[in-house]
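Quick note, the first sequence lines up with residues 1248 to 2035 if you use my numbering. Note that the Cβ used here is the ideal one computed from N, Cα and C, for glycine as well. The model shown is predicted, which means the values in this text are computed figures rather than measured ones.
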Amino acid sequence: MPNKNYILEMFPYPSGNIHMGHVRNYVIGDICARYHKLKGDEVIHPMGWDAFGLPAENAAIQFKTHPQDWTLSNIKNMKSQLQKLELDLDWDRELATCNEDYYRHQQELFIDLYKAGLAYKKDAVVNWDPVDQTVLANEQVIDGKGWRTGAQVEKKNLSQWFFKITNYAEELLNDLDKLDLWPEKVKIMQKNWIGKSLGAEIKFKISNQNEFLNIFTTRPDTIYGATFIAVSINHPIVKKSLSKLEIDKIKKDFNEIDDDKEKLGYKIKISCDHPMLDKKIPVYVANFVLDTYGEGAIFGCPAHDERDYEFAKKYSLPIIKVIDCDDDQLPFTEDGFLVNSPILDGLNKNDAIKKIIFHLKKVGIGNEKTNYKIRDWGVSRQRYWGCPIPAIYYEDGSFRVLEKNELPVLLPYDVNLEGKGNALLNLDKWRKVICPLTNKPALRETDTLDTFVDSSWYYMRFLNNKLDRPFDVNQINESLPVDKYIGGIEHAILHLLYSRFFMKALRDIYKLKVDEPFKQLFTQGMITHKTYKTKKNEWVMPKDVISRDGDLYREKSFERVEEGPAEKMSKSKKNVIEPDEILDNYGIDATRIFMISDSPPDRELEWTDEGIQSSKNLIHRIERYFSQKITPLKNDTEKKVEKFVNDLEKNILNFSLNKCVADIYTLFNYLEREKVYLSDSKLSHKIIICIFPILPKLSLSLNKNLFNSSKFSKWPTVRAELLIEDQINLPVQINGRFATTIQTKKGYDKDVILDTIYKLDKIKNKITEKKVIKVINVQDKIINIIIS
RNA sequence: GCGCCAGUGGCGGAAUGGUAGACGCGCUGGUCUUAGGAACCAGUGGGCAACCGUGGGGGUUCGAGUCCCUCCUGGCGCACCA
1248 MPNKNYILEM FPYPSGNIHM GHVRNYVIGD ICARYHKLKG DEVIHPMGWD AFGLPAENAA
1308 IQFKTHPQDW TLSNIKNMKS QLQKLELDLD WDRELATCNE DYYRHQQELF IDLYKAGLAY
1368 KKDAVVNWDP VDQTVLANEQ VIDGKGWRTG AQVEKKNLSQ WFFKITNYAE ELLNDLDKLD
1428 LWPEKVKIMQ KNWIGKSLGA EIKFKISNQN EFLNIFTTRP DTIYGATFIA VSINHPIVKK
1488 SLSKLEIDKI KKDFNEIDDD KEKLGYKIKI SCDHPMLDKK IPVYVANFVL DTYGEGAIFG
1548 CPAHDERDYE FAKKYSLPII KVIDCDDDQL PFTEDGFLVN SPILDGLNKN DAIKKIIFHL
1608 KKVGIGNEKT NYKIRDWGVS RQRYWGCPIP AIYYEDGSFR VLEKNELPVL LPYDVNLEGK
1668 GNALLNLDKW RKVICPLTNK PALRETDTLD TFVDSSWYYM RFLNNKLDRP FDVNQINESL
1728 PVDKYIGGIE HAILHLLYSR FFMKALRDIY KLKVDEPFKQ LFTQGMITHK TYKTKKNEWV
1788 MPKDVISRDG DLYREKSFER VEEGPAEKMS KSKKNVIEPD EILDNYGIDA TRIFMISDSP
1848 PDRELEWTDE GIQSSKNLIH RIERYFSQKI TPLKNDTEKK VEKFVNDLEK NILNFSLNKC
1908 VADIYTLFNY LEREKVYLSD SKLSHKIIIC IFPILPKLSL SLNKNLFNSS KFSKWPTVRA
1968 ELLIEDQINL PVQINGRFAT TIQTKKGYDK DVILDTIYKL DKIKNKITEK KVIKVINVQD
2028 KIINIIIS
């Protein structure tokens, strides 16, 4: 049975044209896929389109077209661009998330999630663009304004669909440890996002009432230092003790504050009893308390928390030290010994935490508690161009999620996007339905799903894109996880976390045997290019820049131009290189090799004309080399080729693709320096197979010309015995500093070689009149002579 | 502020604790020319030299670019998360 190897690059959004970033991404994946195919693996290497989303709607309005037409024509164009790159992709697995074929199955998954209690509806605060009458994603809000309308974004309470990702917070966190082939950086980002903290929940009794206020704290040990309580403006207790007018006034003040770090608070009527001491402490509404974290309420211990300290100073609240420190160290947030805390005095932080929780538990007003920063995933979008959520609403306000046999809910084609808000809202023809179960009139859900839902399971659908169900359980168990997942670091949290959640949720629903979707993650770096600007701050395209006497000018106008640092390619800075042009001018192989040559694939790659040119020169050089007549081998030729195969393979497997390029240069430098021409020999065939993953076109044409064949045998097995070098250059150090080298054979006799070494001029000079104290011989590696 | 990563020639970058600078670009000189974004040859960390060199300072080690401590600089991420 061949090894299954699922190699996947993050599928693109069909924006219109592929860019160099795509090219780099897909070339890296393609090299892997081709290598593994040569190894005889059963490679899965699909490609598809992340085809729903906002840009299509905006483009439709701007260009008077339809999101679907725009998207499908972009897909067509981008597919032909990708095909121009001749990537080794399984096009028969292709899918586009905007096709009924895909999203109808997603609606089925939605129903499953709903039935499993993992999808639900609740009121939530969202970013509302008052001009477009629609919700904006967080990333579409720039400096508090809508990116398209420039209007001040409002916070609005809307009924929204959510996925219960918090159910999996603990597992999503713990399983990060299993992902040993993920970049540490991404795992840390996810860990921080999940934001687990251990602490305690403490009930504070509201004075003179029989009610309690819950707070979460990671520092229950500082309870004796609590001098106030602060709650968020949205805390239920605020509604009870303040009028709507007062609340609105406070909200306004909070919003208007310039520096969002400045503390602001209003004391409210109620106060709480201190749980450990016979005293009352005041309750404030404070702008720095988050209503989305913990209980939306805290106790303030000014002596040992920077925020509480700042707040207490501003409102002249008492500051009681409960951890031993100097007064000028306040607020003191480190570990120390407890003071002023009757039952905790003398304990350190951890012991005090244990003891106070034990006590609070006993008294029945507290417990240990684990809190997570991660919140449930809001998936509702008030947008037309997305997957319709399969639900209907009755006139009484109740709703029903559809049954699977009522699917699909198709997205209607005839819509008016010029109107305000979600086009589906105004489409009564589509919206109004009679519920087949109750015969009652109902309205369709007009929200569509966040497009991150689409990309959370596409790697499952690729396994069988024609199945009449979302996926086949056996196929998932056999073919997942994806072995190598390659894409940009910008998806470190959202997409990768959502996909992990989906995998686990669907595992539980469908009894799958897979816990994680992506076994290995590789994040490629972006492509940068120098930027050019005129004195008038106009960006100039690199190809319009000419050099005269060391100065740079814009070709057309002969204005002086300044060269700026290499930055991420962007249309606004005009430093974009179009893949189509490069492919036309330099060809596929030169483009491929440049994508991997100048820096490690996970780092930035600076686009340079010299770089792409020298890549092309290398191709020509290899062609020229193989056009030479065959010559006899040198003694070490076989060894050099074997080392090449070995190094190249190691470097492909490590994603050290820049070193693969160095390996190719090293090999041909040797062959040409030694004037060993291999022509149509066996060794040639070996070399030509090995360069195939990186330079497929060249490799195929050499195979045709030299061997009149269009097929390769498998990737050669390295003969370990040929990798051993018995002749070595042994370095000799004196007192740990390099002195000289000596030619010898592996397995030399230490005493014999030392005799020779002592006679070498470079050594003799240095050790005469000195005493050799010690000789360190690391056999076959180095000799270090220690002298007095 | 917190966290993470990184600092090596003119540049991009190589170096299981063992000859620092592989490989490429650029540059210098030369060769050949159907005068080209071509190819080939030689050279290219600094210094006349002894020697000195991997951001600075300490340490561990026979031996440190690599390990430890500390500081500096840059990049990325998070940012009142109680």
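In the DSSP assignment, Y1779 is bridged to V1787 and E1810. Under the three-state reduction of DSSP output, F1299 falls in the coil class, being neither helix nor strand. For L1947, the CB contacts under 8 Å within the same chain, skipping 5 residues up- and downstream, are F1939 and S1957 in chain order.
Here E1810 has K1777, Y1779 and L1799 as same chain residues with Cβ atoms under 7 Å from its own Cβ, once five neighbours each way along the sequence are excluded. Our two residues, W1317 and F1748, have alpha carbons roughly 31 Å apart in a direct line. It is roughly 42 Å from the alpha-carbon of D1379 to the alpha-carbon of D1730.
Distance check between R1554 and each of G1583, K1510 and G1543 places K1510 closest, using alpha-carbon atoms only. Annotated three-state conformation of E1401 is strand, per DSSP. When the beta-carbon positions are compared, N1663 and T1693 stay at least 8 Å from each other. With fewer than 16 other CB atoms across the displayed protein chains lying within 10 angstroms of its CB, E1725 is exposed.
Per DSSP, P1589 lies in no alpha helix (DSSP H) and is assigned neither H nor E.
Taking the Cα of D1297 as reference, the smallest distance to any Cα among L1714, V1700 and S1794 is reached at V1700. Under the DSSP definition of a beta bridge, K1251 partners with E1289.
Taking a C-beta distance under 8 Å as the contact criterion, G1734 and M1257 qualify as a contact pair. Counting C-beta pairs closer than 8 Å gives fewer than three between the stretch 1325-1341 and the stretch 1368-1382, which falls short of the contact rule.
Around the beta carbon of W1338, fewer than 16 other beta carbons lie within 10 angstroms, which makes this residue exposed. Contact between the stretch 1702-1720 and the stretch 1678-1692 is absent, with fewer than three C-beta pairs closer than 8 Å.
With fewer than 16 other Cβ atoms inside 10 Å of its own Cβ, I1435 counts as exposed. Taking 8 Å as the cut-off, the beta carbon of R1795 is found no closer than this to the beta carbon of T1781. When only Cα atoms are considered, V1923 and L2001 end up about 37 Å apart. For G1442, there is no enclosing alpha helix (DSSP H), as DSSP marks it with neither H nor E. An exposed status is given to P1683, since fewer than 16 other beta-carbon atoms sit within 10 Å of its beta-carbon. Between E1896 and P1717, the alpha-carbon positions lie close to 37 Å from each other. With a beta-carbon spacing of about 5 Å, V1569 and T1469 fall inside the 8 Å limit used to define contacts.
Put simply, the stretch 1642-1652 does not touch the stretch 1432-1450. Fewer than three CB pairs are less than 8 Å apart. A straight-line Cα-Cα distance of about 8 Å links P1635 and Y1350.
Annotation: E1341 to F1709 spans about 7 Å, alpha carbon to alpha carbon. About 5 Å separates the CB atoms of E1304 and W1632; that is less than 8 Å, so the two are in contact.
With contact defined as three or more Cβ pairs closer than 8 Å, the stretch 1961-1975 and the stretch 1881-1889 are in contact. Looking from the CA of F1463, the closest CA among F1501, K1498 and G1547 belongs to G1547.
Within the stretch 1914-1985, the alpha helix (DSSP H) runs of at least 4 residues that lie entirely inside it are, in chain order, 1929-1938 and 1943-1954. Exposure of N1955 is indicated by the presence of fewer than 16 other C-beta atoms within 10 angstroms of its C-beta. Beta-bridge pairing by DSSP links E1256 to I1733. Taking a cut-off of 8 Å for Cβ pairs, the stretch 1481-1490 and the stretch 1516-1533 touch, as three or more such pairs fall below it.
In chain order, A1307 place their CB closer than 6 Å to the CB of H1313, counting only its own chain and leaving out the 5 sequence neighbours on each side.
The stretch 1698-1758 is shown to contain whole beta strand (DSSP E) runs of 3 or more residues at 1729-1735, in chain order.
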